[in-house]
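Trainee:
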Amino acid sequence: MPNYLLTGAGFSRNWGGWLASEAFEYLLGCRDVDGALRHKLWTNKNRGNGFEDTLGELQQTYELNHDITIKNQLDTLISALAGMFNAMTQAFLQIPFEPSTRLQLSIASFLERFDAIFTLNQDTLLELHYLHTVVGRSRWSKAASPGIKPVNLHTTGLPMDRAAPSQPDPSAFSLTGGIQPYIKLHGSANWIGGPTSGRMLIMGSNKQVSIRQFPLLQFYHAEFERMLNVGASRLMVIGYGFGDKHINDIIGGAVDRGLKLFIVDPAGVDVIDKSKPAPIKVPDAYFEKVAPSIIGASRRPFLSTFSTDIVEFNKLSGFFAGILPRLAPWQQPHRVTTDLERTFNVERNAKPSCANHRRTVSPRGEEH
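Position one of the sequence shown corresponds to residue -3 (this note's numbering), numbered consecutively onward.
1. Which residue spans inside the segment 195 to 236 form an unbroken beta strand (DSSP E) run of at least 3?
2. Have a look at T301, R208, R253, R295 and flag the residue whose alpha-carbon is nearest the alpha-carbon of V417.
3. Checking 7 Å against the spacing of the C-beta atoms, do T50 and L70 come in under that value?
4. According to DSSP, which residues form a beta bridge with Q86?
5. Count the other CB atoms within 10 Å of the CB of P321; is the residue buried (16 or more) or exposed (fewer)?
6. Measure how close the beta-carbons of E48 and M199 come, nearest whole angstrom, since I'm counting them as under 8 Å.
7. With distances taken between CB atoms, is the gap from I113 to Y58 smaller than 7 Å?
8. Expressed to the nearest angstrom, what Euclidean distance is found between the alpha-carbon atoms of S141 and N(-1)?
9. Quick one: what's got a C-beta closer than 8 Å to F366's C-beta in the same chain, skipping five residues either side?
10. Can you say whether Q90 is buried or exposed, counting buried as having 16 or more other CB atoms within 10 angstroms of its CB?
11. What whole-angstrom Cβ distance do T301 and L312 have, given they're in contact under 8 Å?
12. I need the boundaries of the alpha helix (DSSP H) containing W38, first residue and last residue.
13. Tell me the rounded alpha-carbon separation between A16 and A5.
14. Would you be able to state if there are at least three C-beta pairs under 8 Å between the segment 171 to 188 and the segment 113 to 123?
15. Mapping the DSSP letters down to three states, classify F298 as helix, strand or coil.
16. Which residue wins for smallest C-alpha separation from L407, given the options A168, C26, R230?
17. Per DSSP, what kind of secondary structure is L154 in: helix, strand or coil?
18. With DSSP as the reference, label L2 as helix, strand or coil.
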């Protein structure tokens, strides 16, 4: 039963990463974004769109007429976005990744349990805090992005080396046993080798066209589709708003083959439902399609789940039911029971199962 993870911007948001709406506001503060470009950004904002729509319009316009003014605006916008990711990298270096010092609640240990990690993010959060760690991996010697190699083989020994510029390595477009795949479906802010400003950074309103320009990303998407379509696969989705049609189509197709979903988002399962509020609700076709495949969800803050919220931690651990069993935090020897556990009256041998929450009613109507 393969278990996979897909993360979106909401995942990095837990450590301060910017969401799309915040990226728009970042761009407004960039000195190089002139009046004409700001007008384009605001026009799309007022239409209910985002900065990616502005980027997509510039890309399409330039492909049609190769106007130098449009090219300059496109380069300026991409450069500003690269600066945004650089600012996030600098901040991530200063932020603790683990909210708890207890190994049983380690996010790194949680990530290690997946057969592959896919992400739509282009930031370097996991490069800085996870790929280089060894928390007790029994399955993996390391985690790495396949088909990528550093531009400069000489390192400084500093943490920034983990986010150094990298480029595709066509000889390594394959998965290696013992290495956990970390697959960045939309490229990365520190990857070069693309036709636009040299960056392999997939953004804009027409991502599918951009992806076809990069053999590495084509390989990544083929692996994403292949893995999800393996029978009895499970996919945990953290912080993805289900706004990319090409990703939704792959997930939807895999649902037809038995894929099960677990959603981690402040909106819970409702993040998938794009139907508009109305007196008579018109069902969202995609939500109606995938809803039967959802096996659970978590709406609670992700970092608190890995620090103080034992109840929610058990729910997330239940995703791996029957896979890589491990002791629950309160089953560890030589540990003092916390106030939180006393408050919740956690049973020491409880298992993360819906069966534990059933109520029984006596013939006289008393609950047990």
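Using N, Cα and C, we set each Cβ at its ideal position, and we do this for glycine too.
Note that the structure is predicted; figures quoted are calculated from it, not measured.
Mentor: So, from the data block:
1. 195 to 197, 230 to 234
2. Here the chain covers residues -3 to 364 and nothing more, so residue 417 does not appear.
3. By 1-based counting over the sequence shown, the position of residue 50 is 54. By 1-based counting over the sequence shown, the position of residue 70 is 74. No, Cβ-Cβ distance for T50 and L70 is not below 7 Å.
4. As a working mapping, residue 86 is identified with position 90 in the sequence shown. Answer is none; Q86 lacks a bridge partner.
5. Here residue 321 is taken as the residue at index 325 of the sequence shown, counted from 1. Here P321 scores only 38 on pLDDT, less than 50, and its place in the model is too uncertain to base an answer on.
6. Residue mapping note: residue 48 aligns to position 52 of the sequence shown, counting from 1. Residue mapping note: residue 199 aligns to position 203 of the sequence shown, counting from 1. About 5 Å; that satisfies the 8 Å criterion.
7. As a working mapping, residue 113 is identified with position 117 in the sequence shown. As a working mapping, residue 58 is identified with position 62 in the sequence shown. Contact: no.
8. Taking the first residue of the sequence shown as position 1, residue 141 is located at position 145. Taking the first residue of the sequence shown as position 1, residue -1 is located at position 3. Those two C-alpha atoms are separated by around 18 Å.
9. What the structure shows of the chain is the stretch from -3 to 364, and residue 366 is not part of that stretch, so it cannot be assessed.
10. Counting from 1 along the sequence shown, the entry for residue 90 is found at position 94. Looking at its Cβ environment, which holds fewer than 16 other Cβ atoms inside 10 Å, Q90 is exposed.
11. For the purposes of this step, residue 301 is identified with residue 305 of the sequence shown, where counting begins at 1. For the purposes of this step, residue 312 is identified with residue 316 of the sequence shown, where counting begins at 1. With a contact defined as Cβ atoms closer than 8 Å, T301 and L312 qualify at about 6 Å.
12. Taking the first residue of the sequence shown as position 1, residue 38 is located at position 42. 31 to 42 is the span of the alpha helix (DSSP H), which, as asked, contains W38.
13. In the sequence shown, the residue the question calls residue 16 occupies position 20. In the sequence shown, the residue the question calls residue 5 occupies position 9. C-alpha separation (whole angstroms): 8 Å.
14. yes
15. For this step, residue 298 is matched to residue 302 along the sequence shown. It is helical.
16. Look at the range of the chain in this structure, -3 to 364, and you will see that residue 407 is not part of it.
17. For the purposes of this step, residue 154 is identified with residue 158 of the sequence shown, where counting begins at 1. In this structure, L154 counts as coil in the three-state DSSP scheme.
18. For this step, residue 2 is matched to residue 6 along the sequence shown. L2 falls in the strand class under three-state DSSP.
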